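**Q** Numbering (full-length UniProt numbering), first residue to last: 1 to 347.
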Amino acid sequence: MSPYALSILMSSLSLGTMITLISNHWFMAWMGLEINTLAIIPLMTKLHHPRATEAAIKYFLIQASASALILYTSTINAWFTGEWTIMNTQTQLSSIMLTIALSLKLGIAPFHLWLPDVLQGLNLMTCLVLSTWQKLAPMALLIMTHHLLNPYMLIIMALLSTLIGGWGGLNQTQLRKIMAYSSIAHMGWMVLILMFLPPLMMMNLLIYLILTLCMFMMLIYFNSLNINKLTVSGIKNPVLTSMMMITLMSLGGLPPTSGFIPKWLIIQEITKQGLMIMASLMALSTLLSLFFYLRLSYAVSLTSSPNVPNSKLYWRLKTNTLHPLPIMIMMSTMLIPITPLMINLFL
């Protein structure tokens, strides 16, 4: 792809998200979402592969349906209230339709089926953008309208997301599908705490973005698309391989890594709300996700490929792609000591 076309598409991607983040009008928010969707479609199809084309078509249809639902919701709300402001959604029908539309945008269960297939057809860099930056605009709308949405729907979808996100990743061998189910599970945690403590959801989103960005950057460096390719990563860069194992543990929420912070605070908060059964189910569903993270860690650190080529010394290859990785690794593994500071900043 031409650098000029790529710069225009990335600028449009940023512009669409920024318009949605700063908008107070439903039509402006919808326009930002549409710019965002139309800007990433060419990035998804730049591989010129049938799987990439299929993924782009699926993504466009799902996002177009969700945007149409948002526009229809805002029209119904304007008909009843006479206003187009985002913060004024009063009818039950508008609330339910908006919940469904934002769940489609974010890939929250049971509207998640498109996400693993779409990520599987893309290259790792586009998967990174789709799993991080593309979550910001719908998440901003979700935060702005959380007091207007149906709480029972959100709680049920949160529990379904954590269960499906953990269960769906158990038998996967493709890393992009595993990261897709990981995203679904993390979305469940965010949606659950949204109804009780939105600032904690924002902190969870920040840590999720850091962990996902760090993990995808490592996969891009190793050029690993499935579990079998991970077995030779220790030959290419032993230090980064050990850091990948710690990052996987952080994604699973094991202490003392950074991923433990949001899960610990979320379980503490929903326990304070008296939802003991919900807290227990969420904690048990984390074990499902933890299993496939441990499986990946085992493949990375405790196995070696039986057919390692001896003709090329991987560890002697020079690369300039590691500049942001040390900072991201530190943030993904060592935020526990500054947890009180983060609590004061967000809560």
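In this text, a Cβ means the ideal position worked out from N, Cα and C, and glycines have one as well.
Values in this document were obtained by computation on a predicted structure and should not be read as measured data.
What does the Cβ neighbour count give for R176, buried or exposed, with the cut at 16 atoms within 10 Å?
**A** Buried is the call here.
**Q** What three-state label does DSSP hand F291 in the structure shown?
**A** Note: F291 maps to helix in three-state DSSP.
**Q** Give the straight-line distance between the Cα atoms of G32 and S250, rounded to the nearest whole angstrom.
**A** Cα-Cα distance, rounded: 33 angstroms.
**Q** Using 10 angstroms around the beta-carbon of T165, count the other beta-carbons present and answer buried if the total reaches 16, otherwise exposed.
**A** Per the sequence presented here, residue 165 reads as Gly, with Thr not at that position. It is buried - the Cβ of G165 has at least 16 other Cβ atoms within 10 Å.
**Q** Rounded to a whole number of angstroms, what is the C-alpha to C-alpha distance between Y293 and P256?
**A** Answer to the nearest angstrom: the Cα atoms are 16 angstroms apart.
**Q** Could you give the residue range of the alpha helix (DSSP H) that holds G32?
**A** Unbroken alpha helix (DSSP H) run through G32: W26 to M44.
**Q** Within its chain, find whatever has a CB closer than 6 angstroms to the CB of M218; leave out the 5 residues flanking it on each side and keep chain order.
**A** Correct list, in chain order: M244.
**Q** Just list the alpha helix (DSSP H) runs in the segment 140-177, keeping only unbroken ones of 4 residues or longer that don't cross its boundaries, in chain order.
**A** Qualifying alpha helix (DSSP H) stretches, in chain order: 151-168.
**Q** Taking the alpha carbon of L130 as the point to measure from, which residue in L325, Q63, V300 and Y72 has its own alpha carbon closest?
**A** Checking every option, the nearest Cα to that of L130 belongs to Q63.
**Q** For A140 and T20, which I take to be in contact (beta-carbon distance under 8 angstroms), what is that distance rounded to the nearest angstrom?
**A** Confirmed, Cβ separation roughly 6 angstroms.
**Q** Using the beta-carbon count (16 or more within 10 Å), is S311 buried or exposed?
**A** Unreliable placement is indicated for S311, whose pLDDT of 48 sits below 50; the coordinate value is still reported in the next sentence. Answer is exposed; the Cβ neighbour count stays below 16.
**Q** Under three-state DSSP, which class holds N123?
**A** Coil at N123, not helix or strand.
**Q** Rank F196, P337, P151 and F222 by C-alpha distance to the C-alpha of F260 and give the top, closest one.
**A** Nearest option by C-alpha distance: P337.
**Q** Going straight from the alpha carbon of N320 to that of M125, what length do you get?
**A** Bear in mind that a pLDDT of 49 at N320, under 50, signals an unreliable position, so the number given afterwards is only what the model happens to contain. Approximately 16 angstroms, taken between the alpha carbons.
**Q** Going along the chain, which residues of its own chain have a beta-carbon closer than 8 angstroms to the beta-carbon of T303, five neighbours each way excluded?
**A** Counting only Cβ-Cβ distances below 8 angstroms, and skipping sequence neighbours, we find T231.
**Q** Quick one: give me the first and last residue of the alpha helix (DSSP H) that K135 is part of.
**A** K135 -> no alpha helix (DSSP H), and no H or E assigned at all.
**Q** Kindly list the residues whose CB is nearer than 6 angstroms to the CB of P138, restricted to its own chain and excluding five residues on each side of it in sequence; keep chain order.
**A** Cβ within range, chain order: L102, K105 and L106.
**Q** For N77, list the residues DSSP reports as bridge partners.
**A** In the DSSP output, where bridge partners are listed per residue, N77 has none listed.
**Q** Just the C-alpha distance for L149 and S2, rounded to the nearest angstrom, thanks.
**A** One C-alpha to the other measures close to 43 angstroms.
**Q** Measure the beta-carbon distance from I184 to L115 and round it to whole angstroms, keeping in mind my assumption that it falls under 8 angstroms.
**A** With 8 angstroms as the limit, I184 and L115 qualify as a contact, their Cβ atoms being about 6 angstroms apart.
**Q** What separation, rounded to the nearest whole angstrom, lies between the Cα atoms of T99 and I267?
**A** Each residue's alpha carbon lies about 23 angstroms from the other.
**Q** Which of the three DSSP states, helix, strand or coil, is assigned to T85?
**A** The answer is strand: DSSP assigns T85 an E or B state.
**Q** List the whole-angstrom C-beta distance separating M328 from I210, where the pair is believed to meet the contact cut-off of C-beta under 8 angstroms.
**A** Indeed, because the Cβ distance is near 6 angstroms, the residues count as touching under 8 angstroms.
**Q** What did DSSP end up calling N226 once you bin it into helix, strand or coil?
**A** The answer is strand: DSSP assigns N226 an E or B state.
**Q** Beta carbon of M97, beta carbon of T73: below 8 angstroms?
**A** Yes, these two residues count as a Cβ contact at 8 angstroms.
**Q** Please name the residue, chosen from A56, L287, G16 and A68, that lies closest to S94 on a Cα-to-Cα basis.
**A** Selected option, being the one with the closest Cα: A68.
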